[in-house]
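Engineer:
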Amino acid sequence: AQTVTQSQPEMSVQEAETVTLSCTYDTSENNYYLFWYKQPPSRQMILVIRQEAYKQQNATENRFSVNFQKAAKSFSLKISDSQLGDTAMYFCAFTRSGGSNYKLTFGKGTLLTVNP
Amino acid sequence: GAVVSQHPSRVICKSGTSVKIECRSLDFQATTMFWYRQFPKKSLMLMATSNEGSKATYEQGVEKDKFLINHASLTLSTLTVTSAHPEDSSFYICSARSLTGTGKQETQYFGPGTRLLVL
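Protein sequence lines correspond, in order, to chains A and B. Every number in our numbering is 22 more than the matching position in the first sequence, counting from 1. Counting from 1, position 96 in the second sequence corresponds to residue 92 in our numbering; the numbering is continuous, with no gaps.
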């Protein structure tokens, strides 16, 4: 069974600064996808970034980038130039590639607060 | 792209009544949809996997007769909470797995959620 661990229950950062959220996972699979989802106070889950395990290049989406270390099973999220609207709960998630089980395994989340 | 709607966004009902929640993928087809329950400040708990044209697969501990799931088309899944009780009050979220269209492959896109309050 897969597990996803987010070791930082809460973090805070000043506006315009950079913050990194950590995520580690455990799996015996070789092909899989990793995700970061954001859940602001509205509680709408929003896809932030997606990484395919077979790709060595780290995914980036504007101010969001990941550091994917497959051997270490680490998948951290870096938010640059933090904005007040980045305040949210961030969930790291894992899913297998292929097969018939498409479930997402979530971490417990990290509550990020961006301070003015 | 890859938009999922959920209706209603909020519902209050009396104990013993049934409530139906709809989940629609608006710009892509979803053979697989998922239903989650989320408690305050907690992660999402998967309740069941909904497959178009077949029976849903429920997670351990989820009562299938209480939480009825129907996936009648490639864009619509419904969750019916039957004989609701106060302990069923929660935030219910659906997601749809994108295969084609505007979403990225193997990615789940989420609806905005439904707040259910059972009095």
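Backbone N, C-alpha and C fix where the C-beta goes; we use that ideal spot for every residue, glycine too. The model shown is predicted, which means the values in this text are computed figures rather than measured ones.
Straight-line CA distance for M67 (chain A) to G12 (chain B)?
Structural biologist: Stepping through the first sequence from its first residue, residue 67 (chain A) is reached at position 45. Stepping through the second sequence from its first residue, residue 12 (chain B) is reached at position 16. About 30 Å.
Engineer: For V7 (chain B), which beta-bridge partners are listed by DSSP?
Structural biologist: Numbered from 1 along the second sequence, position 11 holds the residue referred to as residue 7 (chain B). DSSP, once it has assigned bridges, lists B:L112 as partnering V7 (chain B).
Engineer: If we cut at 8 Å on Cβ distances, does E102 (chain B) have a partner in chain A?
Structural biologist: Taking the second sequence and counting its residues from 1, one reaches residue 102 (chain B) at position 106. Chain A, which has a Cβ nearer than 8 Å to the Cβ of E102 (chain B), makes this yes.
Engineer: Given a cut-off of 8 Å on the beta-carbon distance, is the pair S98 (chain A) and S34 (chain A) in contact?
Structural biologist: Within the first sequence, numbered from 1, the residue matching residue 98 (chain A) stands at position 76. Within the first sequence, numbered from 1, the residue matching residue 34 (chain A) stands at position 12. Not a contact, by the Cβ cut-off of 8 Å.
Engineer: Identify every residue that forms a DSSP beta bridge with A52 (chain B).
Structural biologist: Numbered from its first residue, the second sequence carries residue 52 (chain B) at position 56. None, per the DSSP bridge assignment.
Engineer: With H, G and I counted as helix, E and B as strand and the rest as coil, what does DSSP make of E83 (chain B)?
Structural biologist: Locating residue 83 (chain B) in the second sequence gives position 87, where the first residue counts as 1. E83 (chain B) falls in the helix class under three-state DSSP.
Engineer: With 8 Å set as the bound, which would you pick, yes or no: does the beta-carbon of R85 (chain A) sit closer than that to a beta-carbon of chain B?
Structural biologist: The residue labelled residue 85 (chain A) in the question sits at position 63 within the first sequence. Judged by the 8 Å Cβ criterion, R85 (chain A) is not in contact with chain B.
Engineer: Run through chain B and tell me which residues come within less than 7 Å of L106 (chain A), C-beta to C-beta.
Structural biologist: Start at 1 with the first residue of the first sequence, and residue 106 (chain A) comes out as number 84. Going along chain B, no residue has its Cβ under 7 Å from L106 (chain A), so there is no contact; the nearest lies around 20 Å.
Engineer: Checking contacts by CB at 8 Å: is T45 (chain B) closer than that to chain A?
Structural biologist: In the second sequence, counting from the first residue as 1, residue 45 (chain B) sits at position 49. Yes, T45 (chain B) lies at the interface with chain A (some Cβ there is under 8 Å from its Cβ).
Engineer: Ignore the nearest five residues each way along the sequence and tell me which others in T45 (chain B)'s own chain have a CB closer than 7 Å to its CB.
Structural biologist: Along the second sequence, one-based indexing puts residue 45 (chain B) at 49. Cβ neighbours of T45 (chain B) beyond the five flanking positions: T28, F30, A52 and T53.
Engineer: Tell me, please, which residues DSSP counts as bridged to Q73 (chain A).
Structural biologist: Position 51 of the first sequence, counted from the start, is the residue given in the question as residue 73 (chain A). Q73 (chain A) pairs with A:L56.
Engineer: Measure the alpha-carbon distance for V(-1) (chain B) versus K77 (chain A) and round it to whole angstroms.
Structural biologist: Along the second sequence, one-based indexing puts residue -1 (chain B) at 3. Along the first sequence, one-based indexing puts residue 77 (chain A) at 55. The alpha-carbon atoms of V(-1) (chain B) and K77 (chain A) are separated by roughly 26 Å.
Engineer: To the nearest angstrom, how far is the alpha carbon of S1 (chain B) from that of N137 (chain A)?
Structural biologist: Position 5 of the second sequence holds residue 1 (chain B). Position 115 of the first sequence holds residue 137 (chain A). Cα to Cα, the separation comes out at about 31 Å.
Engineer: Around the C-beta of G129 (chain A), are 16 or more other C-beta atoms found within 10 angstroms, so that it is buried, or is it exposed?
Structural biologist: Residue numbering aside, residue 129 (chain A) sits at position 107 when the first sequence is read from its first letter. Counting Cβ neighbours within 10 Å, G129 (chain A) comes out buried, since at least 16 surround it.
Engineer: Listing by chain order, which chain A residues have their CB less than 7 Å from the CB of P108 (chain B)?
Structural biologist: Mapped onto the second sequence, residue 108 (chain B) falls at position 112. Here the neighbours are Q66.
Engineer: Please decide whether L40 (chain B) counts as near chain A, where near means a Cβ-Cβ distance under 8 Å.
Structural biologist: Locating residue 40 (chain B) in the second sequence gives position 44, counting from the first residue. By this cut-off, L40 (chain B) is an interface position.
Engineer: What residues in the stretch 68 to 100 of chain B bring their beta carbon closer than 8 Å to a beta carbon of chain A?
Structural biologist: Result list: F87, I89, S91, R93 and K100.
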